[in-house]
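Sequential numbering from 1 applies to the sequence shown in UniProt numbering.
Written out below as C-alpha cells is the structure these notes cover.
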Amino acid sequence: MEQLLEDLIKESTLHKEIYNQLEIDEKKLNIFDTIVEIAIKIKTQLLQQNIDTSYRQLYNNQISAILSQLQYRDHANSNFVIHQDEHWKQQNKNSFTQYIYDSIKGLTDGFNFQIDFFEKIGNFDSNIVIVGANGSGKTSLSEKLKQYLNNNGVVISAQRILKLPTFENIGNPEITATKLKEEQLRGKTYKNTDDFRYIANEFEIVLKHLLAENISIGNKYRKQAIENTKNEKPIDSPQNTNLDATIEIWNSLIEHRYLDCEDGINIKTYVKETDTPYPSIQMSDGEKVLLYLIAQVMLAPVNGFIVIDEPEMYLHKTILKRLWNILESKRNDCLFIYLTHDLDFATSRNTAKKIWIKSYKYPNYWEIENIESEEIPQALLFELLGSRKNILFCEGIKGSNDEKIYSMLFPDYTITPVGSCFNVINHTKAFNKLNNINTSAIGLIDSDHHSVERLDKIKLENIYSFSVSEVENLFLDEEFLTNLSTHLMTDPEKIKLIKIDVIKELEKEKELQISNYISTKINNIFTDSDLTKGNTIQKVKENYQIFLDAINIDSFYEQRKTEIEKIITDNNYEKTISIYNNKGLKKIVSRHLAITDFTERCFKFIQNNPDQLNILKKYFPSEII
C-alpha cells in the first residue's frame, strides 16, 4: 500500500500541473490537494495504528479507483501539454470539468468519510452503537458499512415483513446456504417498490437454511453413530446446531410460550402451561421479530459483522437488553454495529463505542462525532445532541412544574431538568465544553441562598438566576394573581388577604427559613472551596482553612433574621416571594380563591392567555428573554 500512496501523491501533483496548464478553475484544481491530504492521512494511520488486512485492502481499492481517474499516468511530467493543439486542450478541459472532476470528488468525499469514520470508531476494534434521529441516513449508512467491511456479514434491516411459513420439504443445505448468502449481500435500503418483494421472502430464506443445516448435521451425526456402532466405538454427543441455539434463546426470553421443531422442518409454538400448539400466524409481532433476529445473528458469517438497523423495533424493553446481551455472547466472534434512536438501548451497550450522526446529506455524506462526557449521563447527552435548539438546564425532574413553566416561558430552548442546583451548574459547564456541536447551553437556578459574588462568577459560564426563591412562586406574583382572580370572577379583595396570609406564614416559619438558608449557604461555600481538589496534604489543609474561615453561623443567622424581620415589618410581599421557600403557599391561594387545583389552573390560564407570560418574565435576566 505504501507504494500505491506514493504513486497517488506523485500522480495528483502531476495532474494538478497538467490541468493548471489547461486553465482549469483553481477551485476545481484543489481536488488534487485533497487527494494528497488523503494519502498523508492514510500514511499517518499506517504508522500509528495496526490496521486490519481487510481494511488495508479496502484502502487499496479506493486508491486504485482514484488512480484510474488520473488519465495522464503514463507521463513523466506536464511538458507534453504545450505541444498539444487547441482542440486537444479544449477537449481535455471539457472532459475534466464535465465528467472527471465529479467522479474524483465523489471518490474523495467517500474516502475522506471512510478515513474519518475508521478513526472515530477505532477501526472496528469493538462493538459500535450509532445514534441518529429518523431521517439521519442510518439505513443508507448500514449499506455503506457493509461495503466497508467487504460484505463479510449481514445487515438486518429495519424493514421487516414477517410471516412464519410452513414447509413440506427442505432443500439441499448447499442451495439454501447460497440463497442465504445472496440475501446477505443484497442491498437493503428498500428505496424502490420492487425491493419489498425481497423483504417478504427474507424470513423464509433464513428459516430454510436454519432447518436445512440442522437436518444435514443430524444426518451426518446419524451416519457417524451407525459407523461407530459397527466398529464398537463410543458415540459422541450430538452437535448443538444453530436451530437448537435459536430455539433455546427464544424459549429463555418468552415466559408463557415455547418453540419446538419436532418434525425437523416446521417450527411450532406451544403454550407452556398446557403444551398445546397454536397457529404460528397468531404469534405476536414481537415474538416473530425475536425469532427472526436470533436466526439472522446465528447464521451470520464466522468472524463477520452484524449491522442491526433499529434493534429495538417491536421488542419489549424487558426483553431487548437481555436478547442482545445473549446474542453478543453467543456470537463473540462477530462485530455488532447497532443503528438506533433508542437512547436507553444505546446506553445499555456498555462496552460498545458510541457514535452520533450529527448530520446527513444525501446520498453518501454523514457527519459523525465520537462524543463522550464524564460529567453528563450518556442517555441525556445523546438526547441533547439530537436537539436543534439550544439547551436550558434547570432544577427539578422531567414532568415537574419547573419544566412546564420554562417550556412556556422559553419555547426556543430545549428544557432539560437535571435535579439539583449543582447539577444545573455542572451540566451547563460540561455541555459547553463539548467540541463539534451545533448548540450551546445555559443554566437557570434560583438566586436565593447564593451570594452576589457567586452568582456573578457563574454567570460568566452561562448560568443565570431568577429572582424568586422557587419556580412555583412565579404564580404568586401579585399582578398575575389579580388577573387570575378576574378570570375566575373572584373578589379582587381576596388578593390582599392572600398577601397578608403569605407574610404571616413566613413569620410563623421564620426560624425554619433561617436555618434552611444557613444550611444551603454552608453547602454552597463548601462546593466553592475546592476541598476535593487538593493534590497535596498542604493544599488540602489550605482549602479546608479557607472553608472554615468563610463559615460564621452566628453572623449568617443574624443577617438572615434581620432581613426576614424587615420584610415582615414592611409587609413587603414582593420580597417575601423572592426569599420564601414553601411549596405549601399555594394552599393559601387555593383557600381564598375557592379552588382546589391552583397550579393546574395557572397553567390553563396561561395557555388561554399567553400574554400573561410577560408578567412572569420580569423575574428572569435579560440575557435569556
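Even glycine gets a Cβ: it sits at the ideal position worked out from N, Cα and C.
Can you give me the C-alpha to C-alpha distance between Asp570 and Ser440, rounded to a whole angstrom? The straight-line gap from Cα to Cα measures roughly 42 Å.
Would you mind working out which of Leu22, Asp7, Asn112 sits nearest Asp74, comparing C-alpha positions? Asp7
In DSSP terms, what Lys353 is bridged to: For Lys353, the beta-bridge partners assigned by DSSP are Ile128.
First and last residue of the uninterrupted beta strand (DSSP E) at Cys394: 390 to 394
Note down the Cα distance separating Ser237 from Glu143, rounded to an integer number of angstroms. 41 Å
Beta strand (DSSP E) runs wholly inside the region 439 to 463, at least 3 long, in chain order: 441 to 446
Boundaries of the beta strand (DSSP E) in which Asp260 is found, first to last residue: Residues 257 to 260.
Taking 8 Å as the threshold (C-beta atoms), are Ile130 and Leu141 in contact? yes
Inside the region 96 to 164 only - alpha helix (DSSP H) runs reaching at least 4 residues: 101 to 121, 138 to 148
Counting pairs of Cβ atoms below 8 Å between the region 241 to 260 and the region 292 to 305, do you hit three or more? yes
Short check: CB of Lys494 to CB of His592, under 8 Å? With contacts defined by Cβ atoms closer than 8 Å, Lys494 and His592 form a contacting pair.
Rounded Cβ spacing between Leu164 and Met283 (contact assumed at less than 8 Å): Confirmed, Cβ separation roughly 6 Å.
Contact check, Gly304 vs Asn152, beta carbons under 8 Å: Contact flag set, yes.
First through last residue of the beta strand (DSSP E) which encompasses Pro417: For Pro417, the uninterrupted beta strand (DSSP E) segment begins and ends at 413 to 417.
Give me the residue from Lys138, Leu162, Gln69, Gly171 with the minimum Cα distance to Val155. Lys138
Could you tell me which residues DSSP pairs with Leu335 in its beta bridges? According to DSSP, which records beta bridges pairwise, Leu335 is partnered with Phe305.
Whole angstroms is fine: what's the gap from Val36's alpha carbon to Tyr365's? 20 Å
The alpha helix (DSSP H) enclosing Tyr557, as first and last residue numbers: Secondary structure note for Tyr557: its alpha helix (DSSP H) is the uninterrupted segment 553 to 569.
Under a three-way DSSP split, which group does Ile368 fall into? strand
Got a sec, what are the start and stop residues for the alpha helix (DSSP H) Lys433 sits in? Taken as a continuous stretch (DSSP letters only), the alpha helix (DSSP H) holding Lys433 covers 421 to 433.
Go ahead and label Gln69 buried or exposed: buried means 16 or more other beta carbons lie within 10 angstroms of its beta carbon, across all protein chains shown. buried
Touching or not, the region 567 to 585 and the region 378 to 389, by the rule of three or more beta carbon pairs under 8 Å? no
Assuming Tyr19 is part of the beta strand (DSSP E), what are its boundary residues? Per DSSP, Tyr19 belongs to no beta strand (DSSP E); it is in the alpha helix (DSSP H), 2 to 21.
Distance, Gln45 Cα to Ser400 Cα: 49 Å
Residue(s) in a DSSP beta bridge with Val271: BP columns for Val271 point to Arg257, Thr276.
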